[in-house]
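Top line first, the protein sequences correspond to chains A and B.
The opening position of the first sequence corresponds to residue 3 in my numbering, with each subsequent residue numbered one higher.
The opening position of the second sequence corresponds to residue 135 in my numbering, with each subsequent residue numbered one higher.
We put the beta carbon where it would ideally sit given N, CA and C, even for glycine.
What follows is one structure encoded as structure tokens, with my remarks underneath.
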Amino acid sequence: MRRCKPLLGTFVEITINDPYSLHQLESASRAVDAAFAAIALIQHLMGFHQEDSELSHINQTAHLHPINLHPWTAQVLVAAQEVHQHSNGAFNCGVGHRLVAAGLLPQHPGVRAHQFGGIEDLRFLEPNRVFSTRPVCLDLGGIAKGFAVDQAVQVLKNNGIKSGMVNAGGDLKVFGKHSQVIYLRDPRQPNHLTEIGELQEGAIATSSLYFAKRDHYRPSFIINPFASPTNNPYIEFSESYSVVAPDCLYADALTKVLILSAGKTPSCFSHFSAQAIALST
Amino acid sequence: MNWKPNSLALFGVAALATPIAAYAKIYVSVEQAQQLLLPNHVLTKSPLLITRDLQEKLRLASSIRHPFQGDRIWKAQDGSWFIVDEVVGKHEMIHYAVALSPSGTILGIEILEYVESYGYEVAEETWRRQFIGKSANSPIKLNQDIQNIGGATLSCKHLTDGVKRVATLYELALKNQAPKAP
Numbered sequence: 003m004r005r006c007k008p009l010l011g012t013f014v015e016i017t018i019n020d021p022y023s024l025h026q027l028e029s030a031s032r033a034v035d036a037a038f039a040a041i042a043l044i045q046h047l048m049g050f051h052q053e054d055s056e057l058s059h060i061n062q063t064a065h066l067h068p069i070n071l072h073p074w075t076a077q078v079l080v081a082a083q084e085v086h087q088h089s090n091g092a093f094n095c096g097v098g099h100r101l102v103a104a105g106l107l108p109q110h111p112g113v114r115a116h117q118f119g120g121i122e123d124l125r126f127l128e129p130n131r132v133f134s135t136r137p138v139c140l141d142l143g144g145i146a147k148g149f150a151v152d153q154a155v156q157v158l159k160n161n162g163i164k165s166g167m168v169n170a171g172g173d174l175k176v177f178g179k180h181s182q183v184i185y186l187r188d189p190r191q192p193n194h195l196t197e198i199g200e201l202q203e204g205a206i207a208t209s210s211l212y213f214a215k216r217d218h219y220r221p222s223f224i225i226n227p228f229a230s231p232t233n234n235p236y237i238e239f240s241e242s243y244s245v246v247a248p249d250c251l252y253a254d255a256l257t258k259v260l261i262l263s264a265g266k267t268p269s270c271f272s273h274f275s276a277q278a279i280a281l282s283t
Numbered sequence: 135m136n137w138k139p140n141s142l143a144l145f146g147v148a149a150l151a152t153p154i155a156a157y158a159k160i161y162v163s164v165e166q167a168q169q170l171l172l173p174n175h176v177l178t179k180s181p182l183l184i185t186r187d188l189q190e191k192l193r194l195a196s197s198i199r200h201p202f203q204g205d206r207i208w209k210a211q212d213g214s215w216f217i218v219d220e221v222v223g224k225h226e227m228i229h230y231a232v233a234l235s236p237s238g239t240i241l242g243i244e245i246l247e248y249v250e251s252y253g254y255e256v257a258e259e260t261w262r263r264q265f266i267g268k269s270a271n272s273p274i275k276l277n278q279d280i281q282n283i284g285g286a287t288l289s290c291k292h293l294t295d296g297v298k299r300v301a302t303l304y305e306l307a308l309k310n311q312a313p314k315a316p
């Protein structure tokens, strides 16, 4: 069984490899529905575009008063802080205003400041309660998709699915005893595919600009968090950077760290059991 | 995690890349999508003649150029709708189904098939026609073994425009057909 829905701004595909008889078809179908629902919830909680998402609440008021969070939002923020810390700041979600300035994300009323802090400014009072020491403009676009893939896989497993895959427009996770041959697009020509290996019980995420640049010219959506407010923060690159890791959340976040290191495997990769793949042009 | 990299690929990557002219993924048939989006509903085909005026309004609202086909509309007894449409990008064509509640709320979206093509014009009618009427039970034989493509995220913006077009269709043409409350 394979189904696909538009979510997280891309096409999310769920594949189930389990053999099933006709009467099991319905329960497999329900499992897939539940996995899609989990992804929709993550989009609702962590979307930058939605003014009423928890992420938007953080951006609007976390510096004014503490905010209660859904455990999943808290989990993503904690992971974002973890990657931020281990990458010495190379991964930072506090770049939303840069993407807004480039027209890549919408401007919301109530999120304006002269200077924004970063993910490091969040303080957890309780596991699901957070405040910020400075105004922030966080965008979880670089990590939430990976988390959504992980959660969808978890929901499938909880519903008794043994083997399958969740692929959110190129960021994917494989689970169960079946290993999967993974193809990557050639960054010079996205219609050329390279078989890069075989993956079992693991995830791979990729960052490249070939689709972003195909139809329209816009600044890169990859932001250098170290750029000073007056410097051009948009990192233009033609390579394709992938990260293989046990969880898609970390694979997703670490692709940005890999871009900043221009493809040289960053030292924090061993901490996350991650491997780097760079396709040059 | 068990990752077996293709060692050849990691060294001379570009040389080993295989070009694909086209590939298609068929997810679910129209009937399966009806079951998934509007379970336990009896659906009746309810085709609509799309006037030139309506066609133009749909185009303006969605910025989709190719005409909407009014013969893929179904109605449930409670006034829900099931509509099949397609969006055509430069390199991809996506057939999809949208279910609407009697009041026009989007109940769900399901992708029926996704076709990616290079070296052809996807928009060309002869190219598109070969996929119409295919179902999950009669898959197209185009690079079928290539299933797991990683890579940069493909945007679903075209599809968002398509769903906007269906929502506009409801507002302009379907809404007034809704049955009166008993």
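Looking from the CA of A/H273, the closest CA among A/V34, A/A264, A/A253, A/G105 belongs to A/A253. Interface residue (Cβ-Cβ distance to chain B less than 9 angstroms): A/A154 is not classified as such.
Counted as a single uninterrupted DSSP element, the beta strand (DSSP E) harbouring B/T178 occupies residues 177-179. Taken in chain order, the members of the segment 214-244 of chain B whose beta-carbon sits within less than 9 angstroms of a beta-carbon on chain A are G223, K224, H225, I228, Y230, G242, I243, E244.
Going by C-alpha positions, B/E250 is about 34 angstroms away from A/N94. According to DSSP, A/R125 shares a beta bridge with A/F133.
For A/S31, a Cβ of chain B is located within less than 9 angstroms of the residue's own Cβ. The beta-carbon of B/V297 is placed less than 9 angstroms from the nearest beta-carbon of chain A. Apart from the 5 residues on each side of it in sequence, A/I121 sits with its Cβ closer than 8 angstroms to the Cβ of L79, A82, Q83, H86, N94, C95, G96, V138, L140 in its chain, given in chain order.
Against A/E203, the close residues of chain B are M135, N136, in the order they occur along the chain (beta-carbon pairs closer than 7 angstroms).
Under the three-state reduction of DSSP, B/T239 is assigned to coil, being neither helix nor strand.
A/E200 reaches chain B at N136, W137, K138, P139, N140, counting residues in chain order whose Cβ is nearer than 9 angstroms. Around B/I154, the beta-carbon contacts reaching into chain A at under 8 angstroms are N193, H194, L195.
In its chain, beyond the 5 residues on either side, L234, G238 have a beta carbon closer than 6 angstroms to the beta carbon of B/Y304. A contact between stretches requires three or more CB pairs, one per stretch, nearer than 8 angstroms, and the segment 191-198 of chain A fails this requirement with the segment 162-169 of chain A.
Cβ-Cβ separation between B/V297 and B/E244: approximately 12 angstroms, too far for a contact (criterion under 8 angstroms). Within the same chain, L182, L188 come within 7 angstroms of B/A307 by CB-CB distance, once the 5 residues on both sides are set aside. Between the alpha carbons of A/V245 and B/A286 lies a distance of about 12 angstroms. Counting only Cβ-Cβ distances below 8 angstroms, A/S242 has contacts in chain B at G285, A286, in chain order.
In this structure, A/W74 is the residue among A/Q117, A/K266, A/W74, A/I60 with its C-alpha nearest to the C-alpha of A/Q153.
Counting only runs of 3 or more residues that sit fully inside the segment 184-209 of chain A, the beta strand (DSSP E) segments are 191-202, 204-209, in chain order. Distance from the Cα of B/Y252 is smallest, within the candidate group B/E226, B/Y230, B/P236, for B/E226. Taking a C-beta distance under 9 angstroms as the contact criterion, A/A104 and A/P8 do not qualify as a contact pair. Only those residues of the segment 54-78 of chain A whose C-beta falls short of 9 angstroms from the nearest C-beta of chain B would be listed, and there are none. Proximity of chain B to A/T267 at the Cβ level (cut-off 8 angstroms) is not reached, the minimal Cβ distance being about 12 angstroms. Contact of A/I279 with chain B is assigned, a C-beta pair being separated by under 9 angstroms.
When the alpha-carbon of A/L211 is set against those of B/G213, B/L288, B/T302, the nearest one is in B/L288. The Cβ of B/T294 sits closer than 9 angstroms to at least one Cβ of chain A. Here B/K209 is near B/Q311, since their CB atoms are less than 9 angstroms apart. Within a 10 Å sphere around the beta-carbon of B/F216 sit 16 or more other beta-carbons, which makes this residue buried.
In this structure, DSSP gives B/R206 a state outside helix and strand, which the three-state scheme calls coil.
Identification of chain A residues near B/A301 by a Cβ-Cβ cut-off of 7 angstroms yields none; the smallest Cβ-Cβ distance measures about 14 angstroms. Residue contact check for A/F274 against chain B: no CB pair falls below 9 angstroms. DSSP, reduced to helix, strand and coil, places B/C290 outside both helices and strands of the structure shown, so it counts as coil. In the three-state reduction of the DSSP assignment, B/A231 falls in the strand class, which pools E and B.
Taking the Cα of A/G148 as reference, the smallest distance to any Cα among A/V168, A/S230, A/V132 is reached at A/V168.
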